[in-house]
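Residue numbers (my numbering), protein chains in the order written: chain Y, 432 to 695; chain X, 3 to 273. We put the beta carbon where it would ideally sit given N, CA and C, even for glycine. Source: prediction; values computed, not measured. As structure tokens, the structure follows; a few thoughts come after it.
Structure (structure tokens):
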């Protein structure tokens, strides 16, 4: 029996050390990507190309989800607020929920599963089919040429997608509350305008989405670059990207919210 | 000794992955203008040898010298400068799947030179013409057959006129026609561009017909070497087994294991 217990403890220890080692490895890789970003910034067309794949192709899912989330918020908000006779505040409720929380967080979660997984799979398959080695043998650094442009494209896309998500959400809330239910349009917009603060609400939401963009894309490129060069390895890495970045988004969101709105 | 015409010199090269020894004291010289074959069974360290020449991995001891410079002592910039003079054909081509055939061949020219696009176009078409695929320059890699992919990859790797070309199993998985095409391309391009070609392969017949010199690697050491004529008539047991593809000989059929009877749990009854 003690043998089994010791083996169990060893296993936990082994996994912990392995996890920390990977975290250190990922951090070093992240710094390496930053260090080698010169090429991407000089040859910005490399980033623009990736912006199309990472950002533009994610638009559909972001626009549609934003619209529905806003419509649901409008419905739920109206149902609750009308009990207190303050249904005109539904605009404020929709806008604040979106720009502070749902916009950055839900957009980032969608971005992780749509674009993050694609980045991991692409880099992982390039590695498995020796394209990265071939590039290195042609005296072109794959981190500078393949990884860094994708990283920056993700970092730039994320806040823009989150903003589009919020805009579509507000529009969805407007459709439900004003057009379908019949809340007064004037009070819907004016309450929203007077209660949503640019610095506290919009800017903080923007900062959040920047953090999420860095986290998701850094995880995605690392998992791709670090994946074992086999079919199983790439599929495992893709799954890990979605799981790890979703957890990172929610964890980071709590920390950032605590700092931003509670002034901790 | 480095002579004027020696391009690659490998001296007492040792390499191991973790604790598993792959190469144990390999010595080779490769002269300019030659096609050299490195043969050996699967897992004998042939591909590792190419990686050592290209500086992808570092030897445990010994050195690889290419045109007078010790590869593992070069810093990053010098290594990258050296690699611009090398070309490598990967086993399955390793074409960039997101770029067209044209852009694949143009890749190095665009990365390493400031040539105007019109000149790059001419050069790319010339390289593709040399491998017979000028007409395919608009295709994407997914639209090519295995043999065509490898020819495009060959055109890409000679884009900057390297002095040293390395081929990792260039004949694997090809039909007889594509196989002869690749073989004769390697010979013709080596002569035309005055480069040195190193072919890692286990295709005996095709390579013996095009190479100038052959090295056999087994268990991490050079088991035999010589010109194709010498190799064909060699009486050395390993060479004879390899060249004639015999199952019986110094290379065992069975992977090391405990006795057959023990594995089948029959030992007790026999005893």
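Asked                                                                                                                                      : Found
Helix, strand or coil at residue 571 of chain Y [DSSP, three-state]                                                                        : coil
Neighbouring residues, chain X, relative to residue 560 of chain Y (Cβ below 8 Å)                                                          : 94, 96 and 99
Inter-residue Cα distance where the pair is residue 662 of chain Y and residue 558 of chain Y                                              : 11 Å
Nearest-angstrom Cα separation, counted from residue 261 of chain X out to residue 94 of chain X                                           : 38 Å
Member of X:258, X:129 and X:34 whose CA lies at the smallest distance from the CA of residue 8 of chain X                                 : X:34
Residues bridged to residue 90 of chain X (per DSSP)                                                                                       : X:168
is_contact[residue 56 of chain X, chain Y] using C-beta, thresh 9 Å                                                                        : yes
Cut-off 6 Å between Cβ atoms - residues of its own chain near residue 679 of chain Y, not counting five sequence neighbours on either side : 646
Pick from Y:629, Y:567, Y:652 and Y:442 that is closest to residue 384 of chain Y, judged by C-alpha positions                             : Outside the displayed range of chain Y (432 to 695) lies residue 384 of chain Y, so it cannot be described from this structure.
Residue nearest to residue 160 of chain X in terms of C-alpha spacing, selected from X:20, X:141, X:190 and X:53                           : X:190
Beta-carbon proximity check, residue 500 of chain Y vs residue 681 of chain Y, cutoff 9 Å                                                  : no
Residue 437 of chain Y classed as buried or exposed, judged by whether at least 16 other C-beta atoms fall within 10 angstroms             : exposed
Bounding residues of the beta strand (DSSP E) (the contiguous stretch that carries residue 17 of chain X)                                  : 8-19
Residues sharing a beta bridge with residue 70 of chain X, DSSP                                                                            : Its beta-bridge partners do not exist; DSSP assigns none.
Residues of the segment 105-124 of chain X whose Cβ lies closer than 8 Å to any Cβ of chain Y, in chain order                              : 109, 110, 113 and 114
C-alpha gap between residue 171 of chain X and residue 204 of chain X, whole angstroms                                                     : 7 Å
Beta carbon proximity, residue 556 of chain Y to chain X, threshold 9 Å                                                                    : yes
contact_flag[the segment 560-580 of chain Y, the segment 80-94 of chain X] where n(CB pairs < 8 Å) is 3 or more                            : yes
DSSP three-state assignment for residue 194 of chain X, whether helix, strand or coil                                                      : helix
With 16 other Cβ atoms within 10 Å as the buried cut-off, status of residue 106 of chain X                                                 : buried
Residues sharing a beta bridge with residue 126 of chain X, DSSP                                                                           : Partner(s): none; residue 126 of chain X has no beta bridge.
Per-residue DSSP class, three states only, for residue 3 of chain X                                                                        : Confidence in residue 3 of chain X is poor, its pLDDT being 42 and thus under 50, which makes the residue's placement unreliable; the coordinate value appears in the next sentence. Coil, per DSSP.
Pick from Y:577, Y:603 and Y:487 that is closest to residue 551 of chain Y, judged by C-alpha positions                                    : Y:577
DSSP state of residue 160 of chain X mapped onto helix, strand, coil                                                                       : coil
Closer than 9 Å at the beta carbon, the chain Y residues around residue 90 of chain X                                                      : 564, 565, 568 and 569
Buried or exposed by the 16-neighbour rule on C-beta atoms within 10 Å, applied to residue 674 of chain Y                                  : exposed
Rounded C-alpha distance that separates residue 434 of chain Y from residue 444 of chain Y                                                 : 15 Å
Residue 200 of chain X vs residue 166 of chain X beta-carbon contact at 9 Å                                                                : yes
DSSP state of residue 658 of chain Y mapped onto helix, strand, coil                                                                       : coil
Residue 435 of chain Y in three-state terms, based on DSSP                                                                                 : helix
Closer than 9 Å to chain C by CB, residue 657 of chain Y                                                                                   : No chain C is present in this structure, whose protein chains are Y and X.
Reference residue 102 of chain X, options X:28, X:143, X:83 and X:72, closest by Cα                                                        : X:143
Residue 110 of chain X burial status per 10 Å Cβ neighbour count (16 or more: buried)                                                      : buried
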